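Numbering (our numbering), first residue to last: 204 to 515.
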């Protein structure tokens, strides 16, 4: 594609410092900053680095002669018609924007690597120009990453979940009650909630809860009951496992009030008593630029993780 015809959408987050200090003049944050409290010790640095990264993106795009549109992440809008979507922030920003993106390639820029997780980001502050030049010269790998589809009573409520979904009571201290259906079996469970993740999300919350990292290209889903409560004399047989492509995991809610939290708290969907929630592989994978599955596997192994083969 010629530089003159390349259209790029750049979506950036607002740093906490920008939001709470510059824009809102929040008294609490201003007081903590004035007292140099440890809870805000990194805010100014992260804000400075984020601003520098955004300027770096602007300069690189101008150097390449691309046509760019800039938006903030709470105003994603329509993404059709662009050749590339660039997010500037961290994994949270990329996840937020990914729900609006179909088959358009995405590149994540980790704008503050010292203060932000950028597992899914293909580049970082200080390295933007060389990565955009590599994209211009078609020297950057494109990885198709599996996403998840979620339905409630056969109505699709999410079809582009990149990381994970948590089914739980909206109050964290409350017990989650549901009937899990998997591999032809039914099991009534009580727990703190149920995690369901993609391969890309398998190193996030589900791993912290005791799940296993999966091969990045895997098309399987993984599920895990969070802090299951097993009454005396009862044994659960399906507190963790995998869902293969073409299959689905289902749960029947036994909560008067429940929530599905997809890729964080923003994309929450209410679930009523007796409703059936289905989790399956989406037919809309996400194309990520600059993310090397081999580098991710090596990073996981360096952390001591056991990586299963990408059989599906």
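Every residue gets a Cβ at the ideal spot worked out from N, C-alpha and C, and that includes glycine.
On a predicted model such as this, the values are computed, not experimentally measured, just so you know.
Asked, Found
"With DSSP as the reference, identify every bridge partner of residue 484, one or two as the case may be.", "351"
"Quick one: residues in its chain with C-beta nearer than 6 Å to the C-beta of residue 512, no 5 flanking neighbours on either side, listed in chain order?", "Any reading at residue 512 must be qualified, since the residue scores a pLDDT of 40, below 50, and its modelled position is unreliable; the value itself is stated next. So the list is empty, once near-sequence residues are dropped."
"Select from 295, 416, 250 the residue whose C-alpha is nearest the C-alpha of residue 315.", "250"
"Could you please give the first and the last residue of the uninterrupted beta strand (DSSP E) stretch that includes residue 395?", "Element bounds for residue 395: n/a, residue is neither H nor E."
"Output the distance between the C-alpha atoms of residue 159 and residue 334, rounded to the nearest integer angstrom.", "Since the displayed the chain opens at 204 and closes at 515, residue 159 lies outside it and no answer follows."
"Closer than 8 Å is the cut-off here; do at least three beta carbon pairs connect the segment 294-309 with the segment 229-237?", "no"
"DSSP state of residue 489, grouped into three classes?", "strand"
"Quick one: grab the DSSP three-state call for residue 459.", "coil"
"When DSSP labels each residue in this structure, what does residue 293 get in the three-state scheme?", "coil"
"Nearest to residue 254 by CA position, among 218, 269, 272, is which residue?", "218"
"In chain order, which continuous runs of the alpha helix (DSSP H) of length 4 or greater are located wholly inside the segment 271-339?", "294-301, 331-339"
"Measure the alpha-carbon distance for residue 455 versus residue 350 and round it to whole angstroms.", "22 Å"
"On a Cα-Cα basis, can you pick out the residue from 493, 293, 302, 309 that is closest to residue 286?", "309"
"Does the segment 450-467 come into contact with the segment 356-373, if we say contact requires no fewer than three beta-carbon pairs (one atom in each stretch) closer than 8 Å?", "yes"
"Taking the alpha-carbon of residue 260 as reference, which of 483, 307, 336 has the nearest alpha-carbon?", "336"
"Between the C-alpha atoms of residue 387 and residue 414, what's the straight-line distance to the nearest angstrom?", "22 Å"
"Go ahead and pull the three-state DSSP assignment for residue 253.", "helix"
"Taking residue 427 as the reference, which of 353, 400, 436, 245 has the closest Cα?", "400"
"For residue 221 and residue 214, I'd like the C-alpha separation in whole angstroms.", "16 Å"
"When the Cα atoms are used, what is the spatial distance from residue 236 to residue 244?", "8 Å"
"Going by the DSSP bridge assignment, what does residue 370 pair with across the sheet?", "397, 463"
"Based on Cα-Cα distance, which residue from 482, 494, 464 lies nearest to residue 384?", "482"
"From which residue to which residue does the beta strand (DSSP E) around residue 422 run?", "Per DSSP, residue 422 belongs to no beta strand (DSSP E) and is neither H nor E."
"Give the C-beta separation of residue 431 and residue 394 to the nearest angstrom, bearing in mind that I take them to be a contact with Cβ-Cβ under 8 Å.", "4 Å"
"Which class does residue 219 belong to by DSSP, given the choice of helix, strand or coil?", "helix"
"Which one of 463, 269, 246, 353 has the shortest CA to CA distance from residue 318?", "246"
"Buried or exposed: where does residue 405 fall if 16 or more other Cβ atoms within 10 Å of its Cβ makes it buried?", "buried"
"Give me the residue from 484, 272, 348 with the minimum Cα distance to residue 301.", "348"
"According to DSSP, is residue 390 part of a helix, a strand, or is it coil?", "strand"
"State the DSSP-derived secondary structure class of residue 233, mapped to helix, strand or coil.", "helix"
"Taking a contact to mean a Cβ-Cβ separation below 8 Å, would you say residue 256 touches residue 312 in this structure?", "yes"
"Can you find the residues in the same chain that come closer than 8 Å, C-beta to C-beta, to residue 507, ignoring five residues on each side of it along the sequence?", "Caution applies to residue 507, whose pLDDT of 49 falls short of 50 and renders its modelled position unreliable; the value that the coordinates give is listed next. Cβ within range, chain order: n/a, list empty."
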